[in-house]
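If you read the sequence shown in the working numbering, its first letter stands for residue 23, the second for the next number, and so on. The beta-carbon is built from N, C-alpha and C at its ideal position, and this holds for glycine as well.
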Amino acid sequence: KIGSKSYHSGINHSEETSIKNMLKMAKVLFGLHFVDHPPTHRRSTWRKLVSSQRKKAIMACFRMAPLHSVTRHRAMNMFLRAYRELWLEAEEDIRARLIEDLCVSYFYRLFFFEQTVARNLRKG
23 KIGSKSYHSG
33 INHSEETSIK
43 NMLKMAKVLF
53 GLHFVDHPPT
63 HRRSTWRKLV
73 SSQRKKAIMA
83 CFRMAPLHSV
93 TRHRAMNMFL
103 RAYRELWLEA
113 EEDIRARLIE
123 DLCVSYFYRL
133 FFFEQTVARN
143 LRKG
């Protein structure tokens, strides 16, 4: 799991594992973005499915119970706390590790390139 504590306990992971984790996060972010911004070719289909009478009925239901005064369930607070601890705090750790991996591989390639150039100059 992405947000498990045992996963981020300092164990070195392979490049494949890092890529899989980034893809999992990308899928979640894509899903959240897709909910907020549906594709334009599907918007018209949704509008056709919901008749004006149903729209009026839905709006009447929303007006009956003001959402700002609805009490929140205790489970929501537990979810938010777990989300913050297991996802957001772990995300910072993954970002830092990703930056370190990218920098190390860049400097390794640069060092290898410089050695190759120096070797070629000595031969030539």
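By DSSP, does SER73 sit in helix, in strand, or in coil? coil
Report the rounded CA-to-CA distance for LYS46 versus THR39, giving the unit in angstroms. 11 Å
Pick helix, strand or coil for HIS59, following the three-state DSSP scheme. In the structure shown, HIS59 sits in coil (DSSP, three-state: anything other than H, G, I, E or B).
In chain order, which continuous runs of the alpha helix (DSSP H) of length 4 or greater are located wholly inside the region 121-146? none
What separation, rounded to the nearest whole angstrom, lies between the Cα atoms of ALA118 and VAL126? 12 Å
Just the Cα atoms here: how many angstroms apart are CYS83 and LYS42? 43 Å
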